[in-house]
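Student:
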Amino acid sequence: MTAPAGAVFGTIGALAAFPLRLAAREVERQHGQLRRGVTRRTTHVVCGRTLLAKAGLSRNGDAEIERRVAAERAAGHKLLSENGFLRLLGLMKTPEASSLSRQSLIDQSRLSGVELDLLSLFDAFEHDAEPYSFRDLILARKYAGLVAGGATWGAIARSVHRSGPVASLTAKSLNVGSQ
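Its first residue numbered 75, the sequence shown is counted upward by one per residue in the numbering used here.
1) Check H159 in the structure and name its three-state DSSP category.
2) Under 6 Å Cβ to Cβ from S206, same chain only, skipping five residues before and after it: list those, please.
3) Am I right that C121 and L94 are in contact with their C-beta atoms under 8 Å? What's the rounded C-beta distance?
4) Using DSSP bridges, identify the partner residues of K216.
5) For L163, which residues in the same chain have their Cβ closer than 6 Å to its Cβ, ignoring the five residues on either side in sequence?
6) Distance, Cα to Cα, S252 vs S237?
7) Just checking, does the stretch 122-139 make contact with the stretch 103-111 on the three C-beta pairs under 8 Å criterion?
8) Can you tell me whether G130 is helix, strand or coil according to DSSP?
9) Measuring straight from C-alpha to C-alpha, what distance separates D125 and I230?
10) Assuming S194 contacts D181 (C-beta within less than 8 Å), just tell me the rounded distance between them.
11) Beta strand (DSSP E) containing L108: first to last residue?
12) Strictly by DSSP, which residues pair up with I86?
13) Got a sec, what are the start and stop residues for the alpha helix (DSSP H) R236 sits in?
14) Could you tell me the boundaries of the alpha helix (DSSP H) in which G187 lies?
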């Protein structure tokens, strides 16, 4: 899979995988543009995982991310997670075949649509968008249990990134209380 030629990518937050200049070089090689921030020409918005880490340090961080994501969606931008961006550029392998729709994952896990979208946007699942896999369903059920216990989507996503690869989380428990 390659990035659409002529696409203009904007980033919100720094990328955790590698420096922005390396990502920009790869996007330009594929005849696109990558910029820090969002402009009128932006077609795709990449949410870097460091945005999530910084949001955990402020009182209204998660609410600010929710507001920003809603504003970008309303502006008609296609939102990408960091892993989704890497997959689009062909720099990361796509996970195993999957068949669950977004609505099916919501129905079976009891996560809200907003929580599912935000957790997907910050790479808390193997797949960054539908179709989702059975592993994603197992994770969604775990996350729904944590939300029912009072955890926020942001605390869950931060905990996921402290715990290692997402694929290994189906066998682990998450500790969302420690920052």
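Glycine residues also receive a C-beta, built at the ideal position from the N, C-alpha and C atoms.
Tutor: For this structure:
1) In the sequence as presented, His is not what sits at residue 159; that position holds Phe. Reduced to three states, the DSSP call for F159 is helix.
2) A small correction: the amino acid at residue 206 is Tyr; Ser does not occupy that position in the sequence shown. The beta carbon of Y206 is closer than 6 Å to those of S172, L174, L179 in its chain, skipping five residues each way along the sequence.
3) With a Cβ gap of about 13 Å, C121 and L94 do not count as contacting.
4) DSSP, once it has assigned bridges, lists no residue as partnering K216.
5) A77, E100
6) In this prediction, S252 scores a pLDDT of 48, lower than 50, which makes its location untrustworthy; the coordinate-derived value is nonetheless stated afterwards. Distance between the alpha carbons of S252 and S237: 12 Å.
7) no
8) In this structure, G130 counts as coil in the three-state DSSP scheme.
9) Residue identity differs from the one stated: residue 125 is Leu in this sequence, not Asp. For L125 and I230, the distance between alpha carbons rounds to 14 Å.
10) Not quite, the Cβ-Cβ distance comes to about 16 Å (not below 8 Å), so this is no contact.
11) Counted as a single uninterrupted DSSP element, the beta strand (DSSP E) harbouring L108 occupies residues 107-110.
12) I86 is bridged to C121.
13) 227-236
14) 187-195
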